[in-house]
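Undergrad:
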Amino acid sequence: MEYDVSKVVLIMLVFLIAGTIKGVVGLGLPPVVLGLLTAVIGIHPAMAMVALPAFITNFYQAASGNNAKILGREYWVFFLSATLFVGVGCWMALSVNHQYMAVMLGILLTVYAVAGLSNFRLVIQQRWQSICGAVMGTCNGIFTGLTGSSAVPGVFYLQSLGLSKEQLIQAMGILFTFSSAGLSVGLYLQNQLTFSSSAISLVALIPAVFGMCIGALIRKRLSIKAFQTTFYISLLILGLFIVLKNSGIWS
Numbered sequence: 000m001e002y003d004v005s006k007v008v009l010i011m012l013v014f015l016i017a018g019t020i021k022g023v024v025g026l027g028l029p030p031v032v033l034g035l036l037t038a039v040i041g042i043h044p045a046m047a048m049v050a051l052p053a054f055i056t057n058f059y060q061a062a063s064g065n066n067a068k069i070l071g072r073e074y075w076v077f078f079l080s081a082t083l084f085v086g087v088g089c090w091m092a093l094s095v096n097h098q099y100m101a102v103m104l105g106i107l108l109t110v111y112a113v114a115g116l117s118n119f120r121l122v123i124q125q126r127w128q129s130i131c132g133a134v135m136g137t138c139n140g141i142f143t144g145l146t147g148s149s150a151v152p153g154v155f156y157l158q159s160l161g162l163s164k165e166q167l168i169q170a171m172g173i174l175f176t177f178s179s180a181g182l183s184v185g186l187y188l189q190n191q192l193t194f195s196s197s198a199i200s201l202v203a204l205i206p207a208v209f210g211m212c213i214g215a216l217i218r219k220r221l222s223i224k225a226f227q228t229t230f231y232i233s234l235l236i237l238g239l240f241i242v243l244k245n246s247g248i249w250s
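Have a look at this one:
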C-alpha cells in the first residue's frame with residue numbers, strides 16, 4: 000500500500016489520539032489504532048501499523064516489575080499457545096476475506112468494550128486454569144493473527160487468575176509483547192510488514208508518546224472512571240461501526 004501525505008497525517012493523528020487515551024487510562028493504544036485505521040484504510044494496513052509500536056510500547060510494561068519468572072513458570076502454557084498460534088491466525092488470514100477479518104475485529108472490540116462497561120470478570124476454578132489457559136491462549140493467538148487484536152479472550156483469562164494489580168499489568172504486558180512479536184513475524188512473511196509501513200509506524204510513536212504526555216496531564220484533572228466509561232463507549236461505537244460497514248449493512 001502506498002502512503003501519501005494525507006494518509007501519513009491521518010496515521011499520525013490516530014496515534015496521537017491513541018497515545019492520549021493510553022496516557023489517561025493506561026490502555027487503549029492498539030485497539031484504538033486498529034479500530035480507527037481499519038475504518039479508514041483497511042485491516043491489513045492497520046495491522047501492519049500497530050504491530051511494531053505495540054511490541055515496543057508493551058515491552059517496557061512486560062519488563063517492569065519482579066513477577067516475570069513467577070508468571071512465566073505458572074502460566075507458560077497460556078503464553079506459549081497465545082504466541083505460537085498467532086502464526087496459525089496469520090495463515091488463516093491468507094484465505095479469509097478482508098471484510099470478514101474486519102467484522103471479526105469489530106466484534107472483538109465490541110466484546111472488549113461491553114466487558115469493560117459491565118466490569119465483567121471471568122471466573123475459572125484453579126483446577127481448570129491450565130486447560131483453560133491452553134484453550135484461551137490458542138484462541139487469543141488465532142484472533143491476533145486474524146485481526147491484530149490481542150485482548151480477547153486473553154485479558155479475560157488473566158483477570159480470572161486472582162493476580163495482584165502489579166502482576167496483572169505485567170502479565171498483560173508479556174501477553175501483548177509476545178503476541179505483537181508473533182504478529183510482526185507473520186505479517187513480514189506475508190509481505191504485509193514493509194519497510195515503508197514499518198518506518199511510518201515507528202515515526203508515529205512520536206505523536207503517540209506526545210499524546211501520552213497530554214493524557215497524563217488530563218488524568219490529573221479528570222475522573223479516571225468517567226474517562227474509562229467514555230473510552231469504552233467510544234470503542235463500542237467504533238466496533239459496531241466497523242461491523243456494520245464491512246458486513247454490508249451500512250455501506
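Numbered by numbering that gives the first Met the number 0, the letters in the sequence shown go through residues 0 to 250 in order.
Beta carbons: idealized from backbone N, C-alpha and C, even for Gly.
(1) Could you have a look at N190 and say whether DSSP puts it in helix, strand or coil?
(2) Could you please give the first and the last residue of the uninterrupted alpha helix (DSSP H) stretch that includes K21?
(3) Starting from the C-beta of V24, find all residues in its chain whose C-beta is less than 7 Å away, skip the five residues before and the five after it, and write them out in chain order.
(4) Considering only C-alpha positions, which residue in the set A38, P29 and Y2 is nearest to L243?
(5) With burial defined as no fewer than 16 other Cβ atoms inside 10 Å of the residue's Cβ, what is the status of I10: buried or exposed?
(6) Leaving aside the five residues before and after F246 along the sequence, list all residues of the same chain whose C-beta is less than 7 Å from its C-beta, in chain order.
(7) Please state the DSSP three-state secondary structure of F209.
(8) Tell me whether the segment 128-139 and the segment 75-84 touch, counting them as touching only if at least three CB pairs, one residue from each stretch, are closer than 8 Å.
(9) At which residues does the alpha helix (DSSP H) containing G153 begin and terminate?
(10) When the Cα atoms are used, what is the spatial distance from L108 to G34?
(11) Would you call N57 buried or exposed, if buried means 16 or more other Cβ atoms sit within 10 Å of its Cβ?
(12) If you reduce the DSSP assignment to three classes, tell me which class Q124 lands in.
(13) Whose C-alpha, out of L192, L237, S117 and L174, is nearest the C-alpha of P44?
(14) Excluding the 5 residues flanking S197 on each side, which residues of the same chain have their C-beta closer than 7 Å to its C-beta?
(15) Which residue marks the beginning of the alpha helix (DSSP H) containing I95, and which one marks its end?
(16) Pairs of beta-carbons, one from the segment 108-120 and one from the segment 69-77, closer than 8 Å: are there three or more?
(17) Is it buried or exposed for L201, if we count other Cβ within 10 angstroms and need 16 for buried?
(18) Tell me where the alpha helix (DSSP H) around A47 begins and ends.
(19) Relative to the C-alpha of F142, which residue among L12, K219 and W90 is closest?
TA: The short version:
(1) Stepping through the sequence shown from its first residue, residue 190 is reached at position 191. If DSSP states are grouped into helix, strand and coil, N190 belongs with coil.
(2) By 1-based counting over the sequence shown, the position of residue 21 is 22. V4 to V24 is the span of the alpha helix (DSSP H), which, as asked, contains K21.
(3) Counted from its first residue, the sequence shown places residue 24 at position 25. Result list for V24: I223, F226, Q227 and F230, in chain order.
(4) As a position in the sequence shown, residue 243 is number 244, starting the count at 1. The shortest Cα separation from L243 among A38, P29 and Y2 belongs to A38.
(5) Here the question's residue 10 lines up with position 11 in the sequence shown. Counting Cβ neighbours within 10 Å, I10 comes out buried, since at least 16 surround it.
(6) Counted from its first residue, the sequence shown places residue 246 at position 247. Checking the sequence shown, residue 246 turns out to be Ser, not Phe. Hits under 7 Å: V102.
(7) Taking the sequence shown and counting its residues from 1, the one referred to as residue 209 is at position 210. F209 falls in the helix class under three-state DSSP.
(8) yes
(9) Working through the sequence shown from its first residue, we reach residue 153 at position 154. That run of the alpha helix (DSSP H) goes G153 to Q158.
(10) Looking up residue 108 in the sequence shown gives position 109. Looking up residue 34 in the sequence shown gives position 35. So the two alpha carbons sit approximately 8 Å from each other.
(11) Here residue 57 corresponds to residue number 58 of the sequence shown, with the count starting at 1. When all chains shown are included, N57 counts as buried.
(12) For the purposes of this step, residue 124 is identified with residue 125 of the sequence shown, where counting begins at 1. In this structure, Q124 counts as coil in the three-state DSSP scheme.
(13) Reading the sequence shown from its first residue, position 45 is the one you call residue 44. For the residues L192, L237, S117 and L174, the minimum Cα distance to P44 belongs to L192.
(14) The sequence position of residue 197 within the sequence shown is 198, counting from 1. Here the set comprises L51.
(15) Looking up residue 95 in the sequence shown gives position 96. According to the sequence displayed, residue 95 carries Val and not Ile. That residue, V95, is in no alpha helix (DSSP H); it is neither H nor E in DSSP.
(16) no
(17) Here residue 201 refers to the residue found at position 202 of the sequence shown. L201 should be labelled exposed.
(18) Here residue 47 refers to the residue found at position 48 when the sequence shown is read from its first residue. Unbroken alpha helix (DSSP H) run through A47: I42 to A62.
(19) For the purposes of this step, residue 142 is taken as residue 143 along the sequence shown, with counting starting at 1. Closest by alpha carbon: W90.
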